[in-house]
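There are 4 protein chains.
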Amino acid sequence: MTTELEHLAARLREFARVRDWEQFHTPKNLVMALAGEVGELAAEFQWLTADESRSPDPETLARMRTELGDVTLYLVRLADVLGVDLMAAATAKLDDNDRRYDADLYRGSARKAPPSARGD
Amino acid sequence: MTTELEHLAARLREFARVRDWEQFHTPKNLVMALAGEVGELAAEFQWLTADESRSPDPETLARMRTELGDVTLYLVRLADVLGVDLMAAATAKLDDNDRRYDADLYRGSARKAPPSARGD
Amino acid sequence: MTTELEHLAARLREFARVRDWEQFHTPKNLVMALAGEVGELAAEFQWLTADESRSPDPETLARMRTELGDVTLYLVRLADVLGVDLMAAATAKLDDNDRRYDADLYRGSARKAPPSARGD
Amino acid sequence: MTTELEHLAARLREFARVRDWEQFHTPKNLVMALAGEVGELAAEFQWLTADESRSPDPETLARMRTELGDVTLYLVRLADVLGVDLMAAATAKLDDNDRRYDADLYRGSARKAPPSARGD
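Sequence lines, in order, name chains A, B, C and D.
Here UniProt numbering is used: position 19 in the first sequence is 19, and no number is missing along the way.
Here UniProt numbering is used: position 104 in the second sequence is 104, and no number is missing along the way.
Here UniProt numbering is used: position 51 in the third sequence is 51, and no number is missing along the way.
Here UniProt numbering is used: position 4 in the fourth sequence is 4, and no number is missing along the way.
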């Protein structure tokens, strides 16, 4: 059975193939494109307060959605070109975080999220 | 039916809840964490040639996979907190790109990918 | 007279030359390195509140200072390799912003900083 | 004597003051703005080959110069708000790299730049 991410990766592969853009889609180029899109996404949040970022107005949210779409496209394409199973990679990392950050030890403001949530 | 991304979002929601980290997971904070992880991912590629980036050695690829996992976790968590359906957002953007970049017009080196692949 | 930025650019040029690293210092590679360092810098701020970010504790501030140093080194090296005068570029942009954002029109919360401060 | 960076920092301080934008210029917001601008700068390079990035056409170079100006403005402003002397931070880091990466040991392709040039 094809999952939704596999289906999206296949569509992107075909999108690049019919345009003969595979030559541009090196992992190196794609990670730069990903970084560029994440920069655009971050720019939508830069002057918002924490609270404002929780409830953006409709037009801002629409732009965020578009940028989130772009980020997803490049992320899925990059993983596909590298032969990495994105869902397996994410799940493995979350399993790891689950073990590493004991819920009782890391709860709330105690140690705060920095060392923990970054997972490093 | 729950898709794999919905399932991952639900796990991340629970991960934050049991640690009382929801207070740290504002969209603003999460987009910064996402940018940080993409920076770490980009760092893996910075000194590689285009060709080298296509076939990284096993240890480098393992680090890339871990970073791709981190990026995916923050992206899915951010979209969830904003109430954005990531797959719908990506599909809408790809449909849009499909219409915008006529395969014959944008094929190969002719105009090259920059204005086109960025989708803006 | 040599300015401080020109002096730093000259030191970086020599640093790369004696190690035969000029081959790695393409503008493309350097901008990726810059993005990576900015990602590390952003990571220092991701879980801080706005207020906390104004007065980081000494160890956090020391790490921020180190990251700011790294960002500056890559920025100066990138501009040098491209033949761009960084100070002239920054001054030109600030002159431009000064004209564009009339102080009375853009004061305070009225329109808020987003469209304005980004300068686009 | 005021250096060029101190002069630029002073102009930016005044720019924010007369517009009552100091309230938006928290270190946290400024590092996000910096990340956004670096993303825009990276986007200019994403589809260029290494060689093309060395000699961009005049219009591309002009856009790169503008983006480099934006990056510099936010970097100088961020350091100023944090009370960090950017030139001292960069010089300290370069002194450190000079000691750490022995020219003979790290020359050329031998070990290549990754572990070394990143300075970590």
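Using N, Cα and C, we set each Cβ at its ideal position, and we do this for glycine too.
Legend entry - E40(B) in three-state terms, based on DSSP: Stepping through the second sequence from its first residue, residue 40(B) is reached at position 40. E40(B) falls in the helix class under three-state DSSP.
Inset, instruction - State whether the stretch 15–31 of chain C contacts the stretch 12–27 of chain D, with contact taken as three or more CB pairs (one from each stretch) at a distance under 8 Å. - result: no
Legend entry - Cα-Cα separation between D104(D) and N97(D), rounded to whole angstroms: On the fourth sequence, residue 104(D) is found 104 positions in, with the first residue counted as 1. On the fourth sequence, residue 97(D) is found 97 positions in, with the first residue counted as 1. Approximately 14 Å between the Cα atoms of the pair.
Legend entry - Contacts of E4(A) in chain B (Cβ-Cβ under 7 Å): As a working mapping, residue 4(A) is identified with position 4 in the first sequence. Chain B residues near E4(A): T3, E4, L5, M87.
Inset, instruction - Can you grab the Cα-Cα spacing for the pair H25(C) / L8(C), in whole Å? - result: Taking the third sequence and counting its residues from 1, one reaches residue 25(C) at position 25. Taking the third sequence and counting its residues from 1, one reaches residue 8(C) at position 8. Each residue's alpha carbon lies about 16 Å from the other.
Legend entry - Whole runs of the alpha helix (DSSP H) within the stretch 1–28 of chain C, excluding any shorter than 4 residues: 4–18
Inset, instruction - Tell me, please, whether the CB atom of T72(D) is closer than 8 Å to any CB atom in chain B? - result: In the fourth sequence, the residue the question calls residue 72(D) occupies position 72. So no, T72(D) is outside the interface.
Inset, instruction - State the DSSP-derived secondary structure class of L48(A), mapped to helix, strand or coil. - result: Against the first sequence, residue 48(A) aligns to sequence position 48. Three-state result, L48(A): coil.
Inset, instruction - Measuring alpha carbon to alpha carbon, tell me which of Q46(B), A35(B), F45(B) ends up nearest F45(C). - result: As a working note, residue 45(C) is residue 45 in the third sequence. Closest by alpha carbon: A35(B).
Inset, instruction - Please name the residue, chosen from L48(C), L61(C), A92(C), that lies closest to V71(D) on a Cα-to-Cα basis. - result: In the fourth sequence, the residue the question calls residue 71(D) occupies position 71. Among L48(C), L61(C), A92(C), the Cα nearest to that of V71(D) belongs to A92(C).
Legend entry - Between the CA atoms of S55(D) and A88(D) - distance to the nearest angstrom: On the fourth sequence, position 88 is the one that residue 88(D) refers to. On the fourth sequence, position 55 is the one that residue 55(D) refers to. Their Cα atoms are separated by approximately 31 Å.
Legend entry - M32(A): contacting residues in chain C (beta-carbon distance under 7 Å): In the first sequence, the residue the question calls residue 32(A) occupies position 32. The contacting residues are M32.
Inset, instruction - For A43(D), return the contacting residues in chain A, with the cut-off set at a CB-CB distance below 7 Å. - result: In the fourth sequence, residue 43(D) corresponds to position 43, counting from 1. Chain A residues near A43(D): G36.
Inset, instruction - Establish whether the CB of T60(B) and some CB of chain A are separated by less than 8 Å. - result: What you label residue 60(B) is simply residue 60 of the second sequence in a count that begins at 1. T60(B) does not count as touching chain A.
Inset, instruction - May I have the straight-line CA-CA distance separating E59(D) from E4(A), to the nearest angstrom? - result: On the fourth sequence, position 59 is the one that residue 59(D) refers to. On the first sequence, position 4 is the one that residue 4(A) refers to. Roughly 40 Å between the two C-alpha positions.
Inset, instruction - May I ask you to report which of helix, strand or coil DSSP gives L105(D)? - result: If you number the fourth sequence from 1, residue 105(D) lands on position 105. Here L105(D) sits in coil by DSSP.
Legend entry - Outcome for E37(A) when other beta-carbon atoms lying within 10 angstroms are tallied against a minimum of 16: Within the first sequence, residue 37(A) is the residue found at index 37, counting from 1. Answer is buried; the Cβ neighbour count reaches 16.
Legend entry - Closer than 8 Å to chain C by CB, residue 176(B): Absent from the structure is residue 176(B), since the part of chain B shown begins at 1 and ends at 120.
Legend entry - Inter-residue Cα distance where the pair is A43(A) and L78(B): Reading the first sequence from its first residue, position 43 is the one you call residue 43(A). Reading the second sequence from its first residue, position 78 is the one you call residue 78(B). Their Cα atoms are separated by approximately 15 Å.
Inset, instruction - Mind listing, in chain order, the continuous alpha helix (DSSP H) runs of no fewer than 4 residues lying wholly within the stretch 47–106 of chain C? - result: 50–54, 58–82, 86–100
Legend entry - Identity of the residue in V76(A), R100(A), M64(A) nearest L41(A) by Cα: To locate residue 41(A), count along the first sequence from 1; it is residue 41. If we check each option's Cα against that of L41(A), M64(A) comes out closest.
Legend entry - chain A contact residues for E40(D), given Cβ-Cβ distances below 9 Å: By 1-based counting over the fourth sequence, the position of residue 40(D) is 40. In chain order: G36, G39, E40, A43.
Legend entry - Amino acids of chain B, ordered along the chain, whose beta-carbon sits closer than 8 Å to that of D98(A): Numbered from 1 along the first sequence, position 98 holds the residue referred to as residue 98(A). Within chain B, the residues near D98(A) are F15.
Legend entry - Whether G39(C) touches G39(B) by CB criterion (8 Å): By 1-based counting over the third sequence, the position of residue 39(C) is 39. By 1-based counting over the second sequence, the position of residue 39(B) is 39. Going by C-beta atoms, G39(C) is nearer than 8 Å to G39(B).
Inset, instruction - Measure from the alpha carbon of residue 177(A) to the alpha carbon of each residue in T2(B), A50(B), W21(B), L82(B), then state which is nearest. - result: The shown model of chain A, from 1 to 120, leaves out residue 177(A), and the question about it has no answer.
Legend entry - P114(C) at chain A interface by Cβ criterion, 8 Å: Residue 114(C) sits at position 114 when you count from the first residue of the third sequence. Any answer about P114(C) is weak, because its pLDDT of 46 lies below 50 and its placement is not dependable; what the coordinates show is given next. It does: the Cβ of P114(C) has a partner Cβ on chain A nearer than 8 Å.
Legend entry - Beta carbon proximity, R63(A) to chain B, threshold 8 Å: Your numbering for residue 63(A) matches position 63 in the first sequence. Closer than 8 Å: no.
Legend entry - Beta-carbon contacts of P85(A) that lie in its chain and below 8 Å, excluding the five residues immediately before and after: Looking up residue 85(A) in the first sequence gives position 85. The sequence given here has Asp at residue 85(A), not Pro. Cβ within range, chain order: A79.
Legend entry - CA-to-CA distance, T66(C) to R100(B), given in whole angstroms: On the second sequence, residue 100(B) is found 100 positions in, with the first residue counted as 1. On the third sequence, residue 66(C) is found 66 positions in, with the first residue counted as 1. Straight-line Cα distance between these residues: approximately 44 Å.
Legend entry - Cutoff 8 Å: A92(C) Cβ touching any chain A Cβ: By 1-based counting over the third sequence, the position of residue 92(C) is 92. Output row for A92(C): interface = no.
Inset, instruction - Select from L61(A), L73(A), L75(A), E22(A) the residue whose C-alpha is nearest the C-alpha of A50(B). - result: Against the second sequence, residue 50(B) aligns to sequence position 50. If we check each option's Cα against that of A50(B), E22(A) comes out closest.
Legend entry - Exposure label - A62(D); buried when at least 16 CB within 10 Å: Counting from one through the fourth sequence, the residue named residue 62(D) turns up at place 62. That one is exposed.
Inset, instruction - Note down, in chain order, every chain C residue with its Cβ under 8 Å from the Cβ of H79(D). - result: Position 79 of the fourth sequence, counting from 1, holds the residue named residue 79(D). Correcting the residue type first, residue 79(D) is Ala in the shown sequence and not His. Near A79(D) (Cβ distances below 8 Å), the residues of chain C are L68.
Inset, instruction - Flag residue 195(C) as yes if its beta-carbon sits less than 8 Å from any beta-carbon of chain A, otherwise no. - result: An answer regarding residue 195(C) cannot be provided, because it is not within the stretch 1 to 120 covered by chain C.
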